[in-house]
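Residue numbers (our numbering), protein chains in the order written: chain A, 9 to 40; chain B, 86 to 179. Cβ coordinates follow ideal geometry from the N, Cα and C atoms, glycine included. Source: prediction; values computed, not measured. One structure below.
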């Protein structure tokens, strides 16, 4: 995993939720 | 009238939730924009429902109590709003 993708969140659940949200945003952006 | 009161209450709760999340997601402001987009696309019936008020109230209370899990509660609400999107409801019509 690129270092830029690793954040310093302490909570694992929060980290997963953040990744999911950012992935959805990226997918939406890509699909227009 | 009851529906109108619920609508106003839910709007107020959502604004409060957005304000809280904006403060705690400053590294990724696009997440709050994404939540607001999902909200704008949700079915009006759902936005004035008791179900939405309960979910919103629960998420807001927990988010305020545990700021380390802000994204968890945003994700939870996004999922719920997505499940009740106006587009999805139209597509589900026979």
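Distance, residue j Cα to residue i Cα
i, j, result
"residue 95 of chain B", "residue 103 of chain B", "12 Å"
"residue 36 of chain A", "residue 122 of chain B", "11 Å"
"residue 134 of chain B", "residue 39 of chain A", "31 Å"
"residue 164 of chain B", "residue 172 of chain B", "14 Å"
"residue 120 of chain B", "residue 18 of chain A", "23 Å"
"residue 152 of chain B", "residue 160 of chain B", "14 Å"
"residue 132 of chain B", "residue 101 of chain B", "15 Å"
Whether residue i touches residue j by CB criterion (8 Å)
i, j, result
"residue 29 of chain A", "residue 156 of chain B", "yes"
"residue 105 of chain B", "residue 150 of chain B", "no"
"residue 142 of chain B", "residue 98 of chain B", "yes"
"residue 127 of chain B", "residue 169 of chain B", "yes"
"residue 167 of chain B", "residue 21 of chain A", "no"
Burial state of residue i, where buried means 16 or more other Cβ atoms lie within 10 Å
i, result
"residue 13 of chain A", "Because the pLDDT of residue 13 of chain A is 44, which lies under 50, any placement of that residue in the model is unreliable, and the question is left without a value."
"residue 116 of chain B", "buried"
"residue 89 of chain B", "exposed"
"residue 31 of chain A", "exposed"
For residue i, the first and last residue of its enclosing alpha helix (DSSP H)
i, result
"residue 105 of chain B", "87-109"
"residue 28 of chain A", "20-39"
One or two residues paired with residue i in a DSSP bridge
i, result
"residue 170 of chain B", "B:127"
8 Å Cβ cutoff, residue i in contact with chain E
i, result
"residue 144 of chain B", "Considering every chain present, this structure includes no chain E. Its protein chains are A and B."
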